[in-house]
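Numbering (the working numbering), first residue to last: 390 to 693. C-beta: ideal position from N, C-alpha, C; glycine also.
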Ligand code: AMP
């Protein structure tokens with residue numbers, strides 16, 4: 390398996406200034422896998438309840454996500470509720486219901502244990518660790534997390550960080566985790582915790598890549614219509630790691646292009662509720678948006 394992801398498959402209830410969705414398909418592993426699978430073979434490790442609509446399983450199947458690691462059990466799916474305001478970089482979490490995740494212990498199918506890339510998507514760090522311990526020397530281990538775990542499961546998170554190569558964090562999380570305000574200082578602190586590669590997501594303001602001492606910055610696309618930013622971070626990670634999986638070596642240039650893929654894919658996720666922006670996405674639309682990003686970020690050499 391090229392990429393194995395562990396994370397949430399959820400039913401989300403989301404309100405934004407542009408509308409709302411109730412019990413719609415979401416979850417960190419959902420957005421990630423539906424995106425990464427465009428460039429690599431992806432196996433999904435998660436648990437869902439009896440109330441997951443069949444249409445969700447059909448969607449994963451139709452897109453080619455391997456579901457051998459997806460457990461379906463008695464009880465209700467993980468549920469998350471959030472509300473966004475006009476400033477879409479900030480959201481309030483209204484509720485988090487672990488439900489079937491409460492007693493979940495991930496088991497990696499044999500075919501997942503030699504994964505080339507392991508992505509520990511946002512979920513309790515203890516579960517991330519259980520998956521990490523079942524994998525055999527992946528080429529790259531990447532992790533995502535959130536303020537909730539930085540606050541409530543810091544020691545477990547630090548243990549995970551010691552064993553990973555790359556971490557995705559937003560700017561608030563990198564400051565919260567490190568206790569430093571200056572981003573370069575905060576990132577250096579996080580790198581000292583384990584991961585040499587730190588990707589700092591700044592929502593509609595783009596993302597920064599810190600690869601050892603090298604840094605690369607990319608703005609987000611300027612979109613006419615943002616409908617729901619939920620899942621943009623996981624979609625970014627899907628585009629990013631999907632690209633890395635498709636390359637034999639992981640060098641700085643590959644990581645820069647991965648930033649481009651992540652940025653392009655995340656832009657589509659924000660244009661609809663749930664996974665609607667990712668459902669019927671053509672390769673042409675992705676290539677066009679990559680060009681749009683290139684035009685947005687290039688300028689003539691020399692003085693004009
Ligand atoms: P993002 O907008 O990229 O941060 O991801 C949002 C997704 O993360 C939503 O679809 C939620 O279902 C999921 N999510 C929110 N809180 C948690 C949590 N505590 N554990 C796992 N997944 C979560």
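Among the options, nearest to residue i - alpha-carbon criterion
i           : options            : result
residue 415 : 659, 678, 688, 671 : 659
residue 426 : 650, 526, 599, 464 : 650
residue 665 : 619, 594, 529, 576 : 619
residue 553 : 571, 575, 405, 528 : 528
residue 444 : 587, 605, 600, 413 : 413
residue 587 : 599, 539, 534, 422 : 599
residue 423 : 408, 567, 396, 439 : 396
residue 391 : 683, 479, 525      : 525
residue 475 : 593, 492, 584      : 593
residue 375 : 668, 531, 570      : With the chain covering 390 to 693 only, the question about residue 375 has no answer from this structure.
residue 668 : 420, 439, 409      : 420
residue 613 : 510, 393, 407      : 407
residue 437 : 486, 466, 538      : 466
residue 521 : 492, 551, 536      : 551
residue 596 : 566, 479, 648, 482 : 648
residue 533 : 585, 486, 519, 508 : 508
residue 487 : 481, 480, 512      : 512
residue 606 : 686, 662, 661, 663 : 686
residue 560 : 675, 589, 548      : 589
residue 617 : 394, 440, 439, 479 : 479
residue 566 : 537, 585, 591      : 537
residue 482 : 462, 535, 690      : 535
Heavy atom of the ligand AMP within 7 Å of residue i beta-carbon
i           : result
residue 535 : yes
residue 495 : no
residue 512 : yes
residue 397 : yes
residue 596 : no
residue 485 : yes
residue 622 : yes
residue 469 : yes
residue 401 : yes
residue 618 : yes
residue 592 : no
residue 671 : no
residue 416 : yes
Interface flag, residue i vs chain D, CB-CB below 8 Å
i           : result
residue 492 : Looking for chain D here will not work: only one protein chain is present.
message: Under 8 Å, with one C-beta from each stretch per pair, do the stretch 467-486 and the stretch 394-403 reach the 3-pair mark?
response: Judged by Cβ distances under 8 Å, the stretch 467-486 makes contact with the stretch 394-403, as three or more pairs qualify.
message: Taking 8 Å as the cut-off, does the stretch 644-654 touch the stretch 441-452 (at least 3 CB pairs, one atom from each stretch)?
response: No, the stretch 441-452 is not in contact with the stretch 644-654.
message: I want to know whether the stretch 495-510 touches the stretch 458-466 - three or more CB-CB distances under 8 Å.
response: Verdict: yes, contact present.
field: Runs of beta strand (DSSP E) wholly within the stretch 444-499 (minimum 3 residues, chain order)
entry: Runs of the beta strand (DSSP E) spanning 3 or more residues and lying entirely within the stretch 444-499 occur at 459-461, 467-473, 480-486, in chain order.
task: Assess, as a yes-or-no matter, whether the stretch 574-583 is touched by the stretch 630-638 under the definition of 3 or more beta carbon pairs within less than 8 Å.
output: Result no; under three Cβ-Cβ pairs closer than 8 Å.
task: Pick out the complete alpha helix (DSSP H) segments inside the stretch 636-679, 4 residues or longer, and give them in chain order.
output: 641-658, 665-668, all fully within the stretch 636-679.
query: Which whole runs of the alpha helix (DSSP H) in the stretch 536-588 are 4 residues long or more, in chain order?
result: Whole alpha helix (DSSP H) segments, 4+ residues: 536-541, 543-551, 560-567, 572-582.
- request: Run through the stretch 404-450 for me and flag every whole beta strand (DSSP E) of 3 or more residues, listed as ranges in chain order.
  value: For the stretch 404-450, whole beta strand (DSSP E) runs of length 3 or above, ordered along the chain, are 408-415, 431-437.
field: Three-pair Cβ contact test at 8 Å for the stretch 427-438 versus the stretch 540-548
entry: With the cut-off at 8 Å, the stretch 427-438 and the stretch 540-548 do not touch.
- prompt: Counting only runs that start and end within the stretch 596-640, where is the beta strand (DSSP E) found for 3 or more residues in a row?
  reply: DSSP runs (the beta strand (DSSP E)) wholly in the stretch 596-640: 596-600, 603-607.
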